[in-house]
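Numbering (this note's numbering), first residue to last: 52 to 294.
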Amino acid sequence: MKTQRMKLLSLLFFSVLFCYSTLVFSANKLPTSTRSTEVAKRVSPKIQKKLKEKGFTLGAPVLMRIFKETSELEVWLQAGNEYALFKSYKICYFSGNLGPKTKVGDLQSPEGFYTVTPKQFNPSSRFHLAFNLGYPNAYDRAYQRTGDALMVHGNCVSIGCYAMTDNQIEEIYTIAAAALEAGQPAFQVQALPFRLSDENLAAHKNSPWLSFWQNLKVGYDYFEQHKKPPKISVKNKQYVFEK
């Protein structure tokens with residue numbers, strides 16, 4: 052009787068463990084659709100050729116930087132121990148002005164350091180393909196900022212998102228999806244008002260967002276110097292950047 056009970060408990064334990072593992076795997080699995088599968092099949096060979104020409108491989112860890120003032124989205128890929136710039140895309144459209152998003156309906160696009168995981172990808176977006184930036188993040192929540200579904204997507208229309216052309220988002224989405232499928236658990240998006248040089252900050256010294264941008268500059272400078280994404284936390288309503 053005791054032996055039978057132990058067998059039942061053991062079976063129950065491994066059943067629960069299996070179910071938990073399946074749930075974790077599903078949560079981390081990149082969602083797909085007929086559209087995203089077709090895009091990957093069509094775009095990947097072209098992307099692989101472009102990447103090879105610059106010494107990259109499809110599936111390498113990715114990082115993105117967004118600069119509002121110049122309407123740029125940069126895609127960086129890991130090559131060796133550092134990240135290097137693969138390509139800069141012209142953002143087709145974003146709404147609002149320089150400065151972060153603070154509330155629903157302000158038409159602003161987010162600024163800050165965001166993390167994108169597989170579950171934030173939308174392969175069936177009405178804006179062709181999309182991934183959610185993860186706004187509000189811990190910093191935004193510390194300031195009780197509101198809003199959601201702030202994306203990088205296609206279709207060149209936006210209210211609060213960063214909109215690309217469909218051709219651009221196909222490349223960006225394919226590169227990012229390949230990185231996550233190859234094992235990168237998440238990637239960083241640095242959404243910035245402009246390149247945070249001392250000269251540019253001085254030119255915007257009268258902005259109400261100057262102290263916020265000076266905080267972002269610490270992370271910006273770390274990446275500029277080391278070409279590695281900084282580790283980020285939020286303490287006392289400030290970004291904290293660690294090596």
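For glycine and all other residues, C-beta sits at the position ideal for the given N, C-alpha and C. Model, not experiment: these values are computed from the prediction.
Original post:
Quick one: is Tyr165 near chain C, going by C-beta distance under 8 Å?
Top reply: Going by chain labels, chain C is absent from the structure shown, which holds only one protein chain.
Subject >> Environment of Glu120 [buried if 16+ CB atoms lie within 10 Å] >> reply: Along the sequence shown, one-based indexing puts residue 120 at 69. By the neighbour-count rule (16 or more Cβ atoms within 10 Å), Glu120 is not buried but exposed.
Original post:
Any idea what DSSP makes of Gln219, helix, strand or coil?
Top reply: Residue numbering aside, residue 219 sits at position 168 when the sequence shown is read from its first letter. Looking at Gln219 - three-state DSSP - the assignment turns out to be helix.
**OP:** Could you pull out every residue in the same chain whose Cβ sits closer than 8 Å to the Cβ of Ser176, ignoring the five residues on either side in sequence?
**Re:** On the sequence shown, residue 176 is found 125 positions in, with the first residue counted as 1. So the list reads Met202, His204 and Gly205, once near-sequence residues are dropped.
Subject >> Where Tyr194 falls, given that 16 or more other Cβ within 10 Å makes a residue buried >> reply: Walking along the sequence shown from the start, residue 194 turns up at place 143. Exposed, since its Cβ has fewer than 16 Cβ neighbours within 10 Å.
Original post:
Can you tell me whether Ser209 is buried or exposed, with buried defined as 16 or more other CB within 10 angstroms of its CB?
Top reply: Position 158 of the sequence shown, counting from 1, holds the residue named residue 209. Flag for Ser209 reads buried.
Original post:
Distance, Cα to Cα, Val90 vs Thr225?
Top reply: Within the sequence shown, numbered from 1, the residue matching residue 90 stands at position 39. Within the sequence shown, numbered from 1, the residue matching residue 225 stands at position 174. If you take the alpha carbons of Val90 and Thr225, they lie about 8 Å apart.
**OP:** Report buried or exposed for Ser87, applying the criterion of at least 16 other Cβ atoms within 10 angstroms of its Cβ.
**Re:** Reading the sequence shown from its first residue, position 36 is the one you call residue 87. Result: buried.
Subject >> Bridge partner(s) assigned by DSSP for Thr166 >> reply: Along the sequence shown, one-based indexing puts residue 166 at 115. Answer is Gln239.
Subject >> Three or more C-beta pairs below 8 Å linking the region 268-276 and the region 237-249 >> reply: yes
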